[in-house]
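Enquirer: This structure is in structure tokens; I'll ask about it shortly.
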Amino acid sequence: MVEIIPVSTTLELQAADESHVPALHQLVLKNKAWLQQS
Numbered sequence: 001m002v003e004i005i006p007v008s009t010t011l012e013l014q015a016a017d018e019s020h021v022p023a024l025h026q027l028v029l030k031n032k033a034w035l036q037q038s
């Protein structure tokens with residue numbers, strides 16, 4: 001079962017396999033400024 005967390009009407013978070021966490025973390029850091037403006 002996949003855990004899905006609704007954040008807003010247009011955004012939801014979905015659990016990721018632990019093996020993807022380092023790459024996802026780097027992606028978040030790379031897009032930090034854009035994410036903070038959203």
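When the letters of the sequence shown are read in order and numbered with the UniProt record's numbering, they come out as residues 1 to 38. The beta-carbon is built from N, C-alpha and C at its ideal position, and this holds for glycine as well. On a predicted model such as this, the values are computed, not experimentally measured, just so you know.
When you compare only the Cα positions, how much space is there between residue 37 and residue 17?
Expert: Taking the straight line from one Cα to the other gives about 27 Å.
Enquirer: Roughly how many whole angstroms lie between the Cα atoms of residue 14 and residue 35?
Expert: One C-alpha to the other measures close to 17 Å.
Enquirer: Quick one: what's got a C-beta closer than 6 Å to residue 4's C-beta in the same chain, skipping five residues either side?
Expert: Counting only Cβ-Cβ distances below 6 Å, and skipping sequence neighbours, we find 12 and 14.
Enquirer: Does DSSP put residue 12 in a helix, a strand or coil?
Expert: It is a strand residue.
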